[in-house]
Amino acid sequence: MAMMQRRTNVRLPPEVNRILYIRNLPYKITAEEMYDIFGKYGAIRQIRVGNTPETRGTAFVVYEDIFDAKNACDHLSGFNVCNRYLVVLYYQSNKAFKRIDIDKKKEEIDKMKTKYGINAEEKK
Numbered sequence: 001m002a003m004m005q006r007r008t009n010v011r012l013p014p015e016v017n018r019i020l021y022i023r024n025l026p027y028k029i030t031a032e033e034m035y036d037i038f039g040k041y042g043a044i045r046q047i048r049v050g051n052t053p054e055t056r057g058t059a060f061v062v063y064e065d066i067f068d069a070k071n072a073c074d075h076l077s078g079f080n081v082c083n084r085y086l087v088v089l090y091y092q093s094n095k096a097f098k099r100i101d102i103d104k105k106k107e108e109i110d111k112m113k114t115k116y117g118i119n120a121e122e123k124k
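Under the UniProt record's numbering, the sequence shown has 17 at position 17, and the numbering climbs by one with no breaks.
Quick look at the structure:
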């Protein structure tokens with residue numbers, strides 16, 4: 001018989017984070033509107049809405065509780081705001097973004113090697 005686990009003992013996937021990274025937001029969305037949408041899922045510590053040309057349409061939402069963040073992520077991915085569907089991701093530390101860059105660079109190098117017939121494992 002499985003006993004009811006207390007919430008504190010629930011194992012969460014490793015990528016689950018109190019910080020959500022939101023993409024595909026309407027450019028004109030306000031912090032107040034963000035609080036209205038995301039506040040339904042729990043107490044929010046901070047919301048940062050992108051305001052530069054590079055960060056427009058994105059935001060970070062920091063919840064007090066990791067379970068509230070998970071709940072929001074599960075329910076708000078694909079949520080329609082002004083005919084835009086939100087992309088809600090768990091924030092990954094810079095390491096994750098750097099890793100993607102390294103993989104991309106490696107892929108580019110491999111393509112160049114193939115294009116120019118360079119084979120690293122070539123026997124002399």
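Even glycine gets a Cβ: it sits at the ideal position worked out from N, Cα and C.
It should be emphasised that the depicted structure is a prediction, and the values quoted were computed from it without experimental measurement.
Exercise for the section: For residue 91, I'd like the list of residues in its chain whose CB is within less than 7 angstroms of its CB, leaving aside the five on either flank, ordered along the chain. Expected result: 17, 19, 20, 21 and 60
Practice task
Could I get the ranges of all uninterrupted beta strand (DSSP E) runs contained in the stretch 30-68, with 3 residues as the minimum, in chain order?
Solution key: 44-49 and 59-63
Handout entry: For residue 86 and residue 58, the rounded distance between their alpha carbons
Key = 10 angstroms
Problem - Residue nearest to residue 89 in terms of C-alpha spacing, selected from 118, 83, 111 and 75 - result: 75
Practice task
Would you mind working out which of 42, 13, 73 and 35 sits nearest residue 49, comparing C-alpha positions?
Solution key: 35
Exercise for the section: Put residue 19 into one of helix, strand or coil per three-state DSSP. Expected result: strand
Practice task
Starting from residue 125, follow its DSSP beta bridges and name the residues at the other end.
Solution key: A question about residue 125 goes unanswered here, because the residues of the chain that appear run from 1 up to 124.
Practice task
On the DSSP bridge assignment, give the partners of residue 84 in chain order.
Solution key: 81
Practice task
Give every residue of the same chain whose Cβ lies closer than 6 angstroms to the Cβ of residue 70, excluding the five residues on either side of it in the sequence, and list them in chain order.
Solution key: 16
Exercise for the section: Below 8 angstroms on the Cβ atoms is my guess for residue 66 versus residue 12; work out the distance and round it to an integer in Å. Expected result: 7 angstroms
Handout entry: residue 77 to residue 51 span [Cα, whole Å]
Key = 22 angstroms
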